[in-house]
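Chemist:
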Amino acid sequence: MSDADYFERLARTVLDGDEEEAESVAKAAVADGLDALECINRGLTEGMNRVGELFASGDYFLPELIMGADAMKAALAVLEPALLDTQQREVLGRVVLGTVEGDVHDIGKTLVGTLLTADGFEVTDIGFDQPASEFVAAVKETNADLVGASALLTTTMRVQAQIIEELKAAGLRDSVKVMVGGAPTAQAWADSIGADGHAVDAIGAVALARLLVDAPPSPEYDD
Ligand code: B12
360 MSDADYFERL ARTVLDGDEE EAESVAKAAV ADGLDALECI NRGLTEGMNR
410 VGELFASGDY FLPELIMGAD AMKAALAVLE PALLDTQQRE VLGRVVLGTV
460 EGDVHDIGKT LVGTLLTADG FEVTDIGFDQ PASEFVAAVK ETNADLVGAS
510 ALLTTTMRVQ AQIIEELKAA GLRDSVKVMV GGAPTAQAWA DSIGADGHAV
560 DAIGAVALAR LLVDAPPSPE YDD
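Following the working numbering, the numbering of the sequence shown begins with 360 at its first residue and continues without gaps.
1. Using three-state DSSP, classify Met538 as helix, strand or coil.
2. Between the C-alpha atoms of Asp377 and Leu369, what's the straight-line distance to the nearest angstrom?
3. Using three-state DSSP, classify Asp478 as helix, strand or coil.
4. Assuming Ser509 is part of the beta strand (DSSP E), what are its boundary residues?
5. Val471: beta carbon under 6 Å from a heavy atom of ligand 1?
6. By DSSP, does Gly553 sit in helix, in strand, or in coil?
7. In the DSSP assignment, find the unbroken alpha helix (DSSP H) run with Val565 in it and report its ends.
8. What separation, rounded to the nearest whole angstrom, lies between the Cα atoms of Thr404 and Gly417?
9. Could you tell me which residues DSSP puts in a beta bridge with Asn489?
10. Who are the Cβ neighbours of Met516 in its own chain at under 7 Å, not counting the five residues just before and after it?
11. Cβ of Ser551 within 6 Å of any heavy atom in ligand 1?
12. I believe Val506 touches Val455 by the beta-carbon criterion, under 8 Å. Please report the beta-carbon distance rounded to the nearest angstrom.
13. What are the partner residues of Arg453, as DSSP defines its beta bridges?
14. Considering only heavy atoms of ligand 1, does any lie closer than 6 Å to the CB of Ile425?
15. Mind checking Glu439: buried by the 16 CB within 10 Å criterion, or exposed?
16. Between Asp391, Val572 and Glu379, which lies nearest to Ala503 when the distance is taken from Cα to Cα?
17. Is the Cβ-Cβ distance between Ala508 and Ala430 less than 7 Å?
18. Taking Arg413 as part of the alpha helix (DSSP H), name the residues at either end of that continuous run.
19. CB of Leu512 to nearest heavy atom of ligand 2: below 6 Å?
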């Protein structure tokens with residue numbers, strides 16, 4: 360089977376919400392020597408984007424969204440360890456990462472955490488549906504260099520701004536950089552709330568994190 364066939368099959372398992380098939384295609388892809396990150400980006404994420412489009416057009420409903428997410432998570436459970444295996448581990452900085460309050464979308468945030476970890480960051484993942492105060496508490500606790508806040512809903516993006524305000528109120532804003540991400544966010548949004556950066560995907564998040572801690576570009580993702 361060609362790489363492209365694998366990517367299409369992975370995308371299809373997410374579209375079909377088929378957890379078992381997702382896991383078994385992912386295993387076959389790893390056994391066949393495919394690159395795990397490509398499987399995620401060109402297969403699973405592609406499938407998830409199509410699920411989102413079908414949901415937006417009214418062809419899919421919440422159950423299909425949930426099943427698609429479960430299928431993606433099952434395949435990620437196979438692919439993510441392969442990412443961590445192959446890459447270097449030198450501590451570049453400490454990151455507090457989470458999905459903001461009111462938002463349960465955690466697949467993209469978790470993927471960002473995996474790639475940051477694989478690249479050498481020490482990541483404290485505080486989970487999803489987390490209020491600004493929890494981000495601030497985790498920064499204090501871990502003495503973090505970076506905060507990563509994920510928001511997938513237009514209604515929850517404002518919590519990213521709240522995190523920055525609460526960091527300022529706690530006197531921590533000067534010692535920690537803030538990265539924001541998630542589908543509805545953009546660089547203009549990051550600028551408008553005074554964040555230090557925005558990235559559209561997990562590879563971009565790694566490049567941004569390195570930039571913010573003054574580390575050289577990652578040899579792994581440098582094209
Ligand atoms: C899967 C999914 C769900 C799953 C989530 C499961 C889970 N555990 O995560 C479930 C079924 C729970 C769900 C629920 C809902 N969802 Co939903 N969901 C999606 C879907 C289809 C895919 C999201 C995803 O996982 N993508 C794959 C990952 C890999 O990509 P990603 O999340 O974008 O992350 C990447 C980047 O954004 C970036 N990134 C992400 N975080 C961060 C953080 C930092 C710091 C950085 C630098 C980068 C970064 O890097 C990531 C990796 O490359 C999207 C559509 C879409 N295409 O986004 C809709 C979508 C986000 N959902 C939507 C909606 C409306 C809902 C519901 C309100 C539906 C409902 N009626 O109940 C609820 C809300 C629940 C809540 N309170 O949060 C809308 C949002 C519309 C809007 N503009 O606000 C979307 C866009 C669908 C649509 N087209 O209408 N959803």
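Backbone N, C-alpha and C fix where the C-beta goes; we use that ideal spot for every residue, glycine too.
Modeler: Taking the geometry as given:
1. Within the sequence shown, numbered from 1, the residue matching residue 538 stands at position 179. When secondary structure is reduced to three states using DSSP, Met538 falls in the strand class.
2. Counting from 1 along the sequence shown, the entry for residue 377 is found at position 18. Counting from 1 along the sequence shown, the entry for residue 369 is found at position 10. Those two C-alpha atoms are separated by around 10 Å.
3. Counting from 1 along the sequence shown, the entry for residue 478 is found at position 119. Here Asp478 sits in helix by DSSP.
4. Along the sequence shown, one-based indexing puts residue 509 at 150. Ser509: member of the beta strand (DSSP E) spanning Leu505 to Ser509, first to last residue.
5. For the purposes of this step, residue 471 is taken as the residue at position 112 of the sequence shown. Yes, Cβ of Val471 sits closer than 6 Å to a heavy atom of ligand 1.
6. For this step, residue 553 is matched to residue 194 along the sequence shown. In the structure shown, the three-state DSSP call for Gly553 is coil.
7. Taking the first residue of the sequence shown as position 1, residue 565 is located at position 206. Val565 -> alpha helix (DSSP H) spans Ala561 to Leu571.
8. Here residue 404 is taken as the residue at index 45 of the sequence shown, counted from 1. Here residue 417 is taken as the residue at index 58 of the sequence shown, counted from 1. Roughly 20 Å between the two C-alpha positions.
9. Along the sequence shown, read from residue 1 onward, the residue named residue 489 stands at position 130. Contrary to the premise, residue 489 reads as Gln rather than Asn in this sequence. According to DSSP, residue pairing for Gln489 in a beta bridge involves Val459.
10. Counting from one through the sequence shown, the residue named residue 516 turns up at place 157. The answer, listed in chain order, is Ala510, Pro543, Thr544 and Trp548.
11. Your numbering for residue 551 matches position 192 in the sequence shown. Checking the Cβ of Ser551 against ligand 1 gives no.
12. By one-based count along the sequence shown, residue 506 stands at place 147. By one-based count along the sequence shown, residue 455 stands at place 96. The C-beta distance from Val506 to Val455 rounds to 5 Å, short enough to meet the 8 Å contact threshold.
13. The residue labelled residue 453 in the question sits at position 94 within the sequence shown. Partner(s): Glu481.
14. For this step, residue 425 is matched to residue 66 along the sequence shown. At a cut-off of 6 Å, the beta-carbon of Ile425 counts as near ligand 1: some heavy atom of the ligand is closer than that.
15. Within the sequence shown, residue 439 is the residue found at index 80, counting from 1. Using a 10 angstroms sphere on the CB of Glu439, the tally of other CB atoms reaches 16 or more, which defines it as buried.
16. As a first step, residue 503 must be located in the sequence shown, where it is residue number 144. Cα-wise, what sits closest to Ala503 is Val572.
17. On the sequence shown, residue 508 is found 149 positions in, with the first residue counted as 1. On the sequence shown, residue 430 is found 71 positions in, with the first residue counted as 1. Cβ atoms of Ala508 and Ala430: not closer than 7 Å.
18. By 1-based counting over the sequence shown, the position of residue 413 is 54. Here residue 413 turns out to be Leu, not Arg, going by the sequence shown. Boundaries of the alpha helix (DSSP H) around Leu413: Thr404 to Ala415.
19. This structure does not include ligand 2; its bound ligands are ligand 1.
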